[in-house]
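Visitor: In this text, residue positions in the sequence shown follow numbering that gives the first Met the number 0: the first is 0, and each later residue adds one.
Just so you know, even glycine gets a beta-carbon here, dropped at the ideal spot from N, CA and C.
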Amino acid sequence: MKAKIAKSDHKFVFSKIYSDSFHLLEAAEIITNASSACELSVLGKTNILNSAQNKGQINTGIAIKDHLSKITKEVMECDYFYNPEIGYIFIIGPLTSIFLNDLEGKSLGAISVGPYGILRGLGISHKQTISHIKALKKGGYLMIVRGYDDDLDILENILRTKACHIHERNSQFVH
C-alpha cells in the first residue's frame with residue numbers, strides 16, 4: 000500500500016522586484032526547475048514599443064519573453080500597455096489577460112490605479128504594492144509567482160541557496 004501525500008489546496012502569491020533582467024531570469028529559471036506547478040508573470044517598464052528597433056537588448060519585453068519561453072518551455076503571453084502613473088509597461092505570463100482586461104474601452108492596467116488594484120487583488124500587501132509600483136516607475140522588473148503553498152517553502156529555500164533571496168516575500172494565502 001502506497002502512502003498518498005495530500006496536496007494543499009491553499010494558494011500563495013509572492014512577488015519580488017529585480018533591478019536587472021539577469022537576476023530576474025536567473026530566479027525564473029530556478030523557480031521553473033523547482034516547480035512546474037507555479038505560474039510566473041513579469042512586469043517591467045519600457046520606453047520602446049517597437050522591439051525591432053532594439054533587437055537583442057535584454058531589457059525589452061520581447062527579449063525577456065523569449066528567454067522566459069525558453070526557460071519554461073511554454074509560449075508566454077506578452078503585451079504592452081500605457082499607465083499614466085508608470086509609463087509604458089510590458090506584461091508577460093498568465094496575468095497578461097488580467098492587466099489587459101477591457102474596462103470601458105481601456106485596459107485595466109492602463110487605468111491610473113489599475114496596477115495597484117490588481118496587485119492588491121492578488122493578495123499583495125498595501126506596503127509591498129506601493130513599493131512595487133515605485134520600483135516599476137524607476138525601471139525595475141516585478142516577478143509575481145502564484146502556486147500552492149506546498150511549493151512556497153521549497154522555492155524559498157532553493158532561491159536562498161542560489162543567492163536569489165526573496166526579500167519581499169508575500170505569503171498571504173489567496174483562496
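Pairs of beta-carbons, one from the stretch 65-80 and one from the stretch 117-130, closer than 8 Å: are there three or more?
Guide: No, because fewer than three Cβ pairs between the stretch 65-80 and the stretch 117-130 fall closer than 8 Å, the two stretches do not touch.
Visitor: Starting from I177, follow the alpha helix (DSSP H) in both directions and report where the run begins and ends.
Guide: Missing from the structure shown is residue 177; the chain here goes from 0 to 174 and no further.
Visitor: Do you know offhand how far I57's Cα is from G43's?
Guide: Residue confidence for I57 is low, a pLDDT of 46 falling below 50, so the modelled location carries little weight; the figure read from the coordinates is stated next. Distance between the alpha carbons of I57 and G43: 12 Å.
Visitor: Please look up how many angstroms separate the CB atoms of L118 and V41, rounded, as I've assumed it's under 8 Å.
Guide: The Cβ separation is near 13 Å, so there is no contact.
Visitor: Helix, strand or coil for N46, going by three-state DSSP, please let me know.
Guide: In this structure, N46 counts as coil in the three-state DSSP scheme.
Visitor: DSSP three-state label for N100, please.
Guide: Of the three classes helix, strand and coil, the one that applies to N100 here is coil, per DSSP.
Visitor: Tell me the DSSP secondary structure of K15 in three-state form.
Guide: DSSP places K15 in strand when its eight states are reduced to three.
Visitor: I'd like the list of long-range same chain contacts for L102, defined as Cβ closer than 7 Å, with 5 residues on each side in sequence excluded.
Guide: Contacts found: I110.
Visitor: Output yes or no for whether 7 Å exceeds the beta carbon distance between E28 and I63.
Guide: Going by C-beta atoms, E28 is not nearer than 7 Å to I63.
Visitor: Would a C-beta distance cut-off of 7 Å place K133 and I85 closer than the cut-off?
Guide: No. Outside cutoff.
Visitor: Between F80, D150 and I16, which has its C-alpha nearest K105's C-alpha?
Guide: Residue F80 is the option with its Cα nearest to K105.
Visitor: Leaving aside the five residues before and after L24 along the sequence, list all residues of the same chain whose C-beta is less than 6 Å from its C-beta, in chain order.
Guide: Excluding residues within five positions, the ones whose Cβ falls inside 6 Å are H66.
Visitor: Taking its Cβ as the centre, do 16 or more other Cβ atoms sit within 10 Å of H9, making it buried, or is it exposed?
Guide: By the neighbour-count rule (16 or more Cβ atoms within 10 Å), H9 is not buried but exposed.
Visitor: Could you check whether D78 and L99 sit closer than 7 Å to each other, using their CB atoms as the reference points?
Guide: Taking 7 Å as the Cβ cut-off, L99 and D78 qualify as a contacting pair.
Visitor: Kindly provide the ranges of any alpha helix (DSSP H) runs that are 4 or more residues long and lie completely inside the stretch 71-101, ordered along the chain.
Guide: Counting whole runs of 4 or more residues, the stretch 71-101 contains the alpha helix (DSSP H) stretches 95-98.
Visitor: Mind checking which residues open and close the beta strand (DSSP E) that includes I143?
Guide: First-last of the beta strand (DSSP E) with I143: Y140 to Y147.
Visitor: Go ahead and label F21 buried or exposed: buried means 16 or more other beta carbons lie within 10 angstroms of its beta carbon, across all protein chains shown.
Guide: The residue in question, F21, is exposed, as its Cβ has fewer than 16 Cβ neighbours within 10 Å.
Visitor: What's the call for D152, buried or exposed, on a 16-neighbour Cβ count within 10 Å?
Guide: Burial call: exposed.
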